[in-house]
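Heads up, the thing below is written out as structure tokens.
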Amino acid sequence: MAQSSATWLVTGGNRGLGLEFVQNLLRDPSNTVITTARNPDKASTLQDLRAKLPQQLHILQLDVTDELSIQRFAKEAEGILGERGLDYLLNNAGAGSPDTPLTFKAENFLSTFKTNVLGPALILQALHPALEKGHRKVVVNVSSRLGSISDVEKLAQQYFTTYSACKAALNMFTVKAACEKPEFIVYALSPGHNKTDMGGSTAPLDPKETIPILLKFIIGSTLEHSGKSWDYWGDGVQEFAW
Numbered sequence: 008m009a010q011s012s013a014t015w016l017v018t019g020g021n022r023g024l025g026l027e028f029v030q031n032l033l034r035d036p037s038n039t040v041i042t043t044a045r046n047p048d049k050a051s052t053l054q055d056l057r058a059k060l061p062q063q064l065h066i067l068q069l070d071v072t073d074e075l076s077i078q079r080f081a082k083e084a085e086g087i088l089g090e091r092g093l094d095y096l097l098n099n100a101g102a103g104s105p106d107t108p109l110t111f112k113a114e115n116f117l118s119t120f121k122t123n124v125l126g127p128a129l130i131l132q133a134l135h136p137a138l139e140k141g142h143r144k145v146v147v148n149v150s151s152r153l154g155s156i157s158d159v160e161k162l163a164q165q166y167f168t169t170y171s172a173c174k175a176a177l178n179m180f181t182v183k184a185a186c187e188k189p190e191f192i193v194y195a196l197s198p199g200h201n202k203t204d205m206g207g208s209t210a211p212l213d214p215k216e217t218i219p220i221l222l223k224f225i226i227g228s229t230l231e232h233s234g235k236s237w238d239y240w241g242d243g244v245q246e247f248a249w
């Protein structure tokens with residue numbers, strides 16, 4: 008699936024889309040995959056995969072809302088990667104709730120911002136040296152079309168206010184990062200509405216079908232994709248307006 012000896016880091020790999028990313032990547036024995044979980048010992052599916060593929064899969068503890076945890080995790084990841092560096096960073100961990108401008112709670116807003124914006128930003132900072140060593144230097148911030156200001160009238164309107172605001176902030180950070188590192192491939196990618204714990208059982212997309220398509224896009228992405236926002240909704244990956 009990927010180039011020879013590609014290195015990947017996927018945050019939030021213990022369930023949902025993150026787990027599907029990890030499982031798909033492990034099908035190519037040339038991939039070295041690092042993934043994270045807040046409580047690795049309780050991530051039973053990941054532990055089963057690790058037992059089968061101990062040289063290919065590494066599971067690290069990470070709380071994306073804790074700066075010290077991010078720093079500790081980054082040192083561990085760099086120790087695994089060594090001089091190979093990191094080819095692909097997938098900032099996948101996320102959280103959200105269906106609140107509105109008049110019902111959101113301050114504590115939830117701050118915790119969601121830490122998870123969806125500050126966490127990915129600090130992870131990119133911490134792993135920047137490893138990405139510099141990598142051959143591909145691809146940074147994918149998993150976003151959402153709910154963070155698109157131009158589409159707010161079409162998608163959820165007043166609902167998911169905190170989540171939408173945080174994804175809009177992540178989109179802006181993504182563009183800024185692409186501007187600062189023009190030799191990196193940095194973009195936002197919305198996976199669409201999938202059947203996960205967060206997306207719900209009635210979502211129109213199936214992660215088992217979505218993730219292979221997204222990985223094909225990620226592996227084939229170039230500098231032409233950098234600094235932009237991309238979206239999958241069952242009909243191919245397309246650029247969409249901020």
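If you count by my numbering, then the sequence shown holds residues 8 to 249, one letter each, in order.
C-beta: ideal position from N, C-alpha, C; glycine also.
The model shown is predicted, which means the values in this text are computed figures rather than measured ones.
Got a sec, what are the start and stop residues for the beta strand (DSSP E) residue i sits in?
i: residue 145; result: 145 to 149
i: residue 196; result: 192 to 197
i: residue 239; result: 236 to 239
i: residue 14; result: 14 to 17
Find the nearest neighbour of residue i within the set the options, judged by alpha-carbon distance.
i: residue 237; options: 91, 131 and 194; result: 194
i: residue 205; options: 16, 24, 15 and 17; result: 24
i: residue 131; options: 165, 99 and 216; result: 99
i: residue 144; options: 32, 91, 215 and 74; result: 91
i: residue 148; options: 229, 97 and 184; result: 97
i: residue 61; options: 71, 83, 33 and 80; result: 33
i: residue 89; options: 134, 216 and 113; result: 134
Whole-angstrom Cβ separation of residue i and residue j, contact assumed at under 8 Å?
i: residue 191; j: residue 146; result: 6 Å
i: residue 184; j: residue 200; result: In fact, because the Cβ distance is near 26 Å, the residues do not count as touching under 8 Å.
i: residue 69; j: residue 80; result: 4 Å
Compare the beta carbon distance of residue i and residue j with 7 Å and say whether it is the shorter of the two.
i: residue 124; j: residue 176; result: yes
i: residue 17; j: residue 42; result: yes
i: residue 129; j: residue 87; result: no
i: residue 151; j: residue 174; result: yes
i: residue 218; j: residue 31; result: yes
i: residue 222; j: residue 198; result: no
i: residue 137; j: residue 187; result: no
i: residue 181; j: residue 94; result: no
Where do the ends of the alpha helix (DSSP H) carrying residue i lie?
i: residue 132; result: 126 to 140
i: residue 30; result: 23 to 32
- Query: For the stretch 38 to 101, which segments carrying the beta strand (DSSP E) assignment without a break, of at least 3 residues, lie completely within its bounds, in sequence order?
  - Reply: Here the runs fully enclosed are 39 to 44, 64 to 68 and 95 to 98.
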